[in-house]
Ligand code: ADP
Ligand code: MG
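Residue numbers (UniProt numbering): 1 to 238.
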């Protein structure tokens with residue numbers, strides 16, 4: 001059973017069509033990357049899946065249930081933003097606890113979940129620090145901690161590594177894959193870095209102008225590109 005089924009998804013901003021009849025089925029537990037040039041609609045798609053943007057037409061089904069009318073909190077789909085979006089005036093602990101506090105969970109539950117997320121990401125020692133006292137890689141881990149603290153079954157990541165330097169970026173790839181295996185969740189990862197997508201993904205969706213050009217395992221996208229655009233995009237260094 002597909003865990004996420006997107007059909008005929010249209011999204012416009014004013015008169016500008018950004019997602020144009022997008023169809024996609026993602027299996028439970030898959031690691032999917034969306035790969036495409038800047039402005040092709042990758043972030044907009046994640047926002048639509050997470051419920052942070054309304055869709056104009058089409059459907060988004062999650063475990064066979066239509067979710068496009070649900071609010072973001074009811075979907076249990078977590079999003080790690082490109083710029084991490086940590087709250088600067090809160091400690092790491094309070095940043096991670098924030099989604100749980102919004103649900104008004106009991107203090108003991110909050111403590112337990114925060115301790116679990118911090119343990120998974122190896123950031124226990126950072127819990128009382130403000131975000132300003134962290135390195136880029138540490139901030140990224142905190143943002144992931146805040147995303148997973150509610151035990152989501154789907155994790156959306158919007159270019160989570162693009163603000164890190166090259167060597168850290170390569171190390172974090174391994175960590176993200178490890179995290180996905182440990183949590184047993186579906187990951188939808190957005191990147192404009194073709195090497196990152198090739199290394200990380202079970203399948204890659206190559207996107208151009210709000211349309212998926214090819215959706216296939218990395219080797220197939222590489223060796224049997226569906227069209228000229230895919231061939232050029234996968235073949236050329238970013
Ligand atoms: P990507 O993440 O692939 O770089 P985006 O999804 O951010 O692309 O943007 C796709 C297109 O939609 C771009 O032309 C962008 O300017 C436009 N866009 C994105 N968000 C908004 C918004 N909130 N209002 C108007 N236009 C937007
Ligand atoms: Mg984007």
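Beta carbons: idealized from backbone N, C-alpha and C, even for Gly.
Tell me whether residue i counts as near the ligand ADP, meaning its Cβ is closer than 7 Å to at least one heavy atom of that ligand.
i: residue 162; result: no
i: residue 40; result: yes
i: residue 230; result: no
i: residue 191; result: no
i: residue 233; result: no
i: residue 58; result: no
i: residue 256; result: Shown here, the chain extends from 1 to 238; a query on residue 256 therefore has no answer.
i: residue 36; result: yes
i: residue 206; result: no
i: residue 199; result: no
i: residue 18; result: yes
For residue i, collect the residues of the same chain with a Cβ closer than 7 Å to its Cβ; drop the 5 residues on either side in sequence, then sort them by chain order.
i: residue 99; result: 146, 149 and 150
i: residue 152; result: 76, 77, 78 and 185
i: residue 70; result: 51
i: residue 24; result: 6, 205, 212 and 215
i: residue 172; result: 137, 140, 161 and 164
i: residue 68; result: 55, 59 and 60
i: residue 42; result: 34, 36, 190 and 207
Tell me the residue span of the beta strand (DSSP E) that contains residue i.
i: residue 156; result: 154 to 158
Excluding five sequence neighbours on each side, which residues of the same chain lie with their C-beta closer than 6 Å to the C-beta of residue i?
i: residue 197; result: 33, 35, 191 and 204
i: residue 109; result: none
i: residue 237; result: The pLDDT assigned to residue 237 is 46, lower than 50, so where the model puts this residue is not dependable, and the model offers no usable value.
i: residue 202; result: 30 and 31
i: residue 154; result: 77 and 186
i: residue 220; result: none
i: residue 229; result: 208 and 213
i: residue 53; result: 47
i: residue 157; result: 80 and 189
Ends of the alpha helix (DSSP H) at residue i?
i: residue 235; result: 228 to 235
i: residue 223; result: 218 to 223
Please list, in chain order, all residues of the same chain as residue i whose beta carbon is under 8 Å from its beta carbon, the five residues on each side excluded.
i: residue 87; result: 94, 95, 98 and 131
i: residue 227; result: 213 and 214
i: residue 20; result: 10, 209, 210 and 211
i: residue 136; result: 163, 164, 165 and 168
i: residue 91; result: 127, 128, 129 and 130
i: residue 120; result: 145, 148, 179, 182 and 183
i: residue 8; result: 21, 22, 23, 57, 58 and 59
i: residue 83; result: 163
i: residue 40; result: 207, 208, 209 and 210
Would you check whether the ligand MG has a heavy atom nearer than 7 Å to the C-beta of residue i?
i: residue 43; result: yes
i: residue 196; result: no
i: residue 158; result: yes
i: residue 82; result: yes
- [ ] At 3 residues or longer, and completely inside the segment 61 to 126: list those beta strand (DSSP E) runs for me, N to C.
- [x] 77 to 80
TODO: Can you check the segment 125 to 188 for any beta strand (DSSP E) of at least 3 residues that lies completely inside it and give the ranges in chain order?
DONE: 154 to 158
Task: Minimum length 3: unbroken beta strand (DSSP E) runs contained in the segment 25 to 65 - done: As for any beta strand (DSSP E) of minimum length 3 sitting wholly inside the segment 25 to 65, the runs are 31 to 35 and 57 to 62, ordered along the chain.
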